[in-house]
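Asker: My questions will all concern the structure given below.
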Amino acid sequence: MRFFYSLIFIYFGLFAMNAQQSLGYQSVLGTYQQAIQLYQNHQYEAAKSLFEVVKNKAESQEIKTNTAYYLANTSIRLNEPNAQQKIEDFVRDYPTSPKRNQAYLDVAEYYFDYGNYNQALSWFKKVNTSSFSYNQLEQYQFQYGYTLFKTNNYKQAKSYFENLRTSAKYGADAKYYIGYMAYKEDRYDEATTLFEEVQQQGSQRELSYFMSDMNFKLGNFEKAIELGLEKLPKSNRQERSQLYKIIGESYFNLKQYDKALPYLKEYQGQRGKWNNTDYYQLGYAYYKEGKYDKAIAEFNKIIDGENAVAQNAYYHLAQAYIKSDKKPQALNAFKNAMEMDFDKTIKEDAFLNYAKLSYDIGNSYESVPVVLNRFLETYPDADETQTIKNLLVNSYLTSKNYKEAIDLLDNSKLYEDKIIWQKANYYYAIEFFRTAEYPKALNYFNQSLSQPLDKKITAKATYWKAETHYNLSQYEEALIGFKTFETLPNAREVIEFKQVDYDIAYAYFKTKTYEKAKSHFKIAVIDLKNQDKLFDAFVRLGDTYFVTNDYWSAMENYNTALKMPGYNKEYVAYQKAISYGFVNKNETKIKELENYVSNFKSSVYLDDAYYQLGNTYIAENNNVKGLQAYQNLMTKRPQSPFVPKALSKIGLVYYNTNQNESALGTLKNLVSDYPATEEAQQAVQTVRLIYVDQQQPEAYANWVKGLDFINVTDADIDNTTYEAAENKFIDNKTEAAIKGFENYLKQFPKGIHALKAHFYLAQLYYNKSEFENSLPHYKFVAEASKSEFLEEALRKLSQIYLEGENYSEAIEYLSKLETEANFTENKVFAQTNLMKAHYELENYKKTLNYADTVLKIQTIDDQIKSDAYIFRARSAIAINDEELAETAYQNVEKVAEGQRMAEALYYKAYFLNQSGEYEKSNQVIQNKLAKNYSRYREFGVKALIIMAKNYYALDDAYQANYILESVIKNYSDKFPEIAQQAQKELDILKAKEAKTNASVDQSKKQIKAQDSLKN
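Here it is in structure tokens:
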């Protein structure tokens, strides 16, 4: 029984133990099955928690393996950082598990399902398909092939899809993707065949878009349009834009431009951007429909074009500009088209049009003759060669590029025209004459006269060559020239003939041949129509009578001049007044002089008038009024050279009226204040006489010893030495005169004639262009007391320093000349050159002050006015006073020629741009600056940048871009600063245009486009 109970106890114990184990196993298994259910329901976080429980409690190897598998998979699906490593760990830890391959496949398919094809690809590669069923293999091949397709591995993808072409389940899709890859690789025939098979298999895929595009690319434009229109209503936004392009371009290629237009306009571009071809097609369609403004609007968006499409576009853009009467814009477009070599026919025709337009409207880039000549050299057998030759003949003169014309005609064997060469030299000489460059003018007049083919030009050149000699003070040569001109058969046909007697008269007047001058002035006052010259001719006729002692006739002509309205009569009135003295009409002379000093208080002849008035009163024994006149002279014009003369006269009056003390005081003051004058020498002798009369020789001796400019005992030697040198000077024996004056100054550095010797020596050196040698002698005169030589010395000193660009020294002497000058021309010379010198030293305020002073002078000529206006304008620019500058440049434009006119026109264009008048600004640049002043290249190039800004403000990006690129390309070496400005503007432009045009080259670093060309 005990054994039985023992067995029962053992049995029940074992039963209890097994029951406990069974219950534990069932619990783990239930948790495991619950975790799988959560996993299959995609509740990965919850499933993971249960799998972690099972992992720790499971004893079954199979459950442990499966749990490790599912845990790795949930990590993938939960996107945990170490998820992929867990899969690798599972494969490593359970190498015999049947789920090892499945793990790779599951991960691959997971990434595949979620479209992460790059991740899927790496896991598909690890899958072993050797144990797959047929259906499993097909699915794997499709998924793997599609993954390769999506990752652009077309070649490998195709091999997997090829295996599925006959598959009932995947065949249609496989053919579609094979076809799509053929489509992307431009194998349209293959793609078309496969797409057709896809449709025959009843696939629901929409292939109209691809079929339309492929037919378009295969040149089947009608079919492309048909399929495109069929697909258009059902297309999405991206496809719709591309279909518009396909349909529009198909109509374009069929030359049905009216139908193409609505579709081309609707195209949205790639990523919102069009390219140059897109703009070309729309522009060309507009062009063919005669809508030129719209064609221009599209063509001019084509930037950076460097292909046949661009060349064609630029050519038709030019034609559209011509149709719209926009010739300057057409010029640029033709130039652009001719610079490309893609289509030789377009290149030649564009060049021909560029050449013709250059002649018609001018050219800012190069001279018109150069353009025309280059066309002839490039296309010698062109149909319009003769037309271009004819244009070339005239372009030399119409473009005013005289120097380039001369060079071309000198050097080109292709074309010779001696008449044009003669004219070019003549007009070039005239330009130099007008800017006072007389030696250069003379050279080109001589060249022009070397080919006397055109008789009128020969006559004009002869006349102006004589005028040039006159302005060079070569009066004998001028006379020969004027007389030669008179005898020429065509002289009477030119306007200059009407004043040749006036010119001949002046030349005789300058050579002091007064009788001949008189006879020609008599003819001049009959023939002259110019009122200024007529007034002057009467004055000079009066002067010829005056110097030949026919004073009544002189006064008659002076009176005629005085009756002419509106002229400065200071000189004439003075000459008339003093003439009465020579006909013994001192009372009338005194009356006229008294009127003169009352009416002409600012006249340069005021000191002359007072001096003559004093002399006349003294001659009439009216010493009181005479002395008063001298005193007025010294008070009102203390710097006048007549002051020492007046003091001398006053001293003599006192001496002659026995007022010896007053005489001594006056004469000693004269000697003290004006030691270097002849009057001082005379005063010494008069003082001597007074002391002798007073029997005070010792007083004279003591006084005269204190004078360092005279040694009484050496006076004869002094005079003799000086006279010897002076005689050589009078005889024009330059070297002997220089030697004589140098010798005199060596012996008598403070001699009686030291002032004269220094002045004449300075003049001799100056005339030899030995300016450094002349300087110390002019300075001696300038630093001595007032003398008749002072003004000329100051002028020459100023001239030397100005020519040497030593403006500080020049200003010192010019300022003194301005103060000391009695002659209007010297005062004007001082003020105009002070204006220039202060400008060079950047003293802009002083420049403006002197410019205003000069412009107030009534008698200045246009050249001086031009100087004043130009420096006024430049100074205003320098101090950023653009309002003043604009007004000043407007005045420059009224009187200037040549380079200054080019400068004035540039600023006119600039200010028009600033005020938003872009069209007018361009007209100034093209119709005036480029057409007439293109040889002043710097202003022309600077104006191109303004023109570019104008065009961009007018929404013509093409013109702006082309102009700026041309400046950079052609002028970076010659005008680097201007080219840098052009590059800056181009960077701004391209940065803006790149936002809408995919063809714009932004390879260069763009600056921050914070400013627009429109501003």
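Mapping of the sequence shown onto mature numbering (1 follows the signal peptide of the UniProt record, and there is no 0): residues -21 to -1, 1 to 994, in sequence order.
Every residue, glycine too, gets a C-beta built ideally from N, C-alpha and C.
Going by other Cβ atoms of all chains shown within 10 Å of its Cβ, with 16 needed for buried, is Lys974 buried or exposed?
Answerer: Burial call: exposed.
Asker: Would the segment 585 to 595 and the segment 719 to 738 be scored as touching if the rule is three or more Cβ pairs under 8 Å?
Answerer: These segments do not touch.
Asker: When the Cα of Tyr546 is compared with those of Val576, Gly560, Lys512, Met534, which residue comes out closest?
Answerer: Checked all of Val576, Gly560, Lys512, Met534; the closest Cα to Tyr546 is Lys512.
Asker: Locate the alpha helix (DSSP H) running through Ser794, then write down its first and last residues.
Answerer: Looking at the DSSP string, the run of the alpha helix (DSSP H) that includes Ser794 is 786 to 799.
Asker: Where does the unbroken alpha helix (DSSP H) through Gln674 begin, and where does it stop?
Answerer: Premise fails: Gln674 is in no alpha helix (DSSP H) and is neither H nor E.
Asker: Helix, strand or coil for Gln249 per DSSP?
Answerer: Gln249 falls in the strand class under three-state DSSP.
Asker: Considering only the alpha carbon of each residue, which of Glu862, Ala852, Met543 lies closest to Lys815?
Answerer: It is Ala852.
Asker: Over what stretch of residues does the alpha helix (DSSP H) that includes Met319 continue unbroken?
Answerer: From DSSP, Met319 is part of no alpha helix (DSSP H); its letter is neither H nor E.
Asker: Enumerated in chain order, which unbroken segments of the alpha helix (DSSP H) with a length of 4 residues or greater are wholly contained in the segment 444 to 513?
Answerer: Runs found: 454 to 466, 479 to 489, 493 to 506.
Asker: How about the segment 911 to 921 and the segment 258 to 266: do they share at least three Cβ pairs that are nearer than 8 Å?
Answerer: The answer is no - the segment 258 to 266 does not touch the segment 911 to 921, with fewer than three Cβ pairs under 8 Å.
Asker: Using DSSP bridges, identify the partner residues of Asn976.
Answerer: Answer is Trp253.
Asker: Using C-beta distances below 7 Å, list every residue in its chain close to Phe69, excluding the 5 sequence neighbours before and after it, in chain order.
Answerer: Within the same chain, Phe69 has close Cβ partners Ala47, Tyr48, Ala51, Ala82.
Asker: Write down the C-beta distance between Ser794 and Leu813 rounded to the nearest angstrom, noting that I regard them as a contact closer than 8 Å.
Answerer: Rounded, the Cβ-Cβ distance is 7 Å, consistent with contact.
Asker: Taking the C-alpha atoms as reference points, what is the distance between Ser429 and Gln878?
Answerer: Whole-angstrom Cα-Cα distance: 27 Å.
Asker: For the segment 257 to 308, which segments carrying the alpha helix (DSSP H) assignment without a break, of at least 4 residues, lie completely within its bounds, in sequence order?
Answerer: As far as the segment 257 to 308 is concerned, its whole alpha helix (DSSP H) runs of at least 4 residues are 271 to 278, 287 to 302.
Asker: Going by beta-carbon coordinates alone, are Tyr868 and Lys887 separated by less than 8 Å?
Answerer: Yes.
Asker: Using the C-alpha atoms, what's the distance from Met880 back to Asn279?
Answerer: Taking the straight line from one Cα to the other gives about 32 Å.
Asker: For the ligand COA, is there any heavy atom lying closer than 7 Å to the beta carbon of Ile629?
Answerer: The model on display carries no ligand, and the ligand COA is accordingly not part of it.
Asker: Could you check whether Phe500 and Phe484 sit closer than 8 Å to each other, using their CB atoms as the reference points?
Answerer: Note that residue 484 is Ala in the sequence shown here, rather than Phe. A contact, by the Cβ cut-off of 8 Å.
Asker: Thinking Ala659 and Leu649 are a contact (beta carbons under 8 Å), I'd like their distance in whole angstroms, please.
Answerer: Their Cβ separation, rounded to whole angstroms, is 6 Å, which keeps Ala659 and Leu649 in contact under 8 Å.
Asker: Using the C-alpha atoms, what's the distance from Thr414 back to Ala855?
Answerer: Roughly 23 Å between the two C-alpha positions.
Asker: Below 8 Å between beta carbons: does that hold for Val504 and Phe488?
Answerer: Not closer than 8 Å, so no.
Asker: If Ser146 and Glu169 are in contact, beta carbons under 8 Å, what's the gap, nearest whole angstrom?
Answerer: 20 Å between Cβ atoms; not a contact.
Asker: Below 8 Å, can you find three or more Cβ-Cβ pairs linking the segment 704 to 717 to the segment 735 to 742?
Answerer: The segment 704 to 717 vs the segment 735 to 742: in contact.
Asker: For chain C, is any of its Cβ atoms less than 8 Å away from the one on Gln938?
Answerer: The structure shown has no chain C; it contains just one protein chain.
Asker: Is Gln40 buried or exposed, if buried means 16 or more other CB atoms sit within 10 Å of its CB?
Answerer: Flag for Gln40 reads exposed.
Asker: Could you please give the first and the last residue of the uninterrupted alpha helix (DSSP H) stretch that includes Thr366?
Answerer: From DSSP, the alpha helix (DSSP H) with Thr366 extends over 364 to 377.
Asker: Is the separation between the beta-carbon of Asn404 and that of Lys434 shorter than 8 Å?
Answerer: No, these two residues do not count as a Cβ contact at 8 Å.
Asker: Do Ala556 and Lys568 come within 8 Å of each other at the CB atom, strictly closer than that value?
Answerer: Taking 8 Å as the Cβ cut-off, Lys568 and Ala556 qualify as a contacting pair.
Asker: For Asp935, does the count of other Cβ atoms within 10 angstroms reach 16, so buried, or fall short, so exposed?
Answerer: That one is buried.
Asker: State whether the segment 592 to 605 contacts the segment 623 to 640, with contact taken as three or more CB pairs (one from each stretch) at a distance under 8 Å.
Answerer: The segment 592 to 605 vs the segment 623 to 640: in contact.
Asker: Identify whether Leu933 lies in helix, strand or coil by the three-state DSSP scheme.
Answerer: Note: Leu933 maps to coil in three-state DSSP.
Asker: Enumerate in chain order the residues of its own chain whose CB-to-CB distance from Tyr575 is below 7 Å, with the five nearest sequence positions on each side excluded.
Answerer: The answer, listed in chain order, is Ala552, Tyr553, Ala556, Ala588.
Asker: Any chance you could list the beta strand (DSSP E) runs of at least 3 consecutive residues sitting entirely within the segment 589 to 672, in chain order?
Answerer: With a minimum length of 3 residues, no continuous beta strand (DSSP E) run stays inside the segment 589 to 672.
Asker: When we look at the beta-carbon of residue 995 and count the other beta-carbons within 10 Å, is it buried (16 or more) or exposed?
Answerer: No statement about residue 995 is possible, as the shown extent of the chain runs from -21 to 994 and does not include it.
Asker: Mind pulling the alpha helix (DSSP H) runs of 4 or more residues that sit fully within the segment 508 to 549?
Answerer: Those alpha helix (DSSP H) runs which fall completely within the segment 508 to 549 and span 4+ residues are 510 to 526, 530 to 542.
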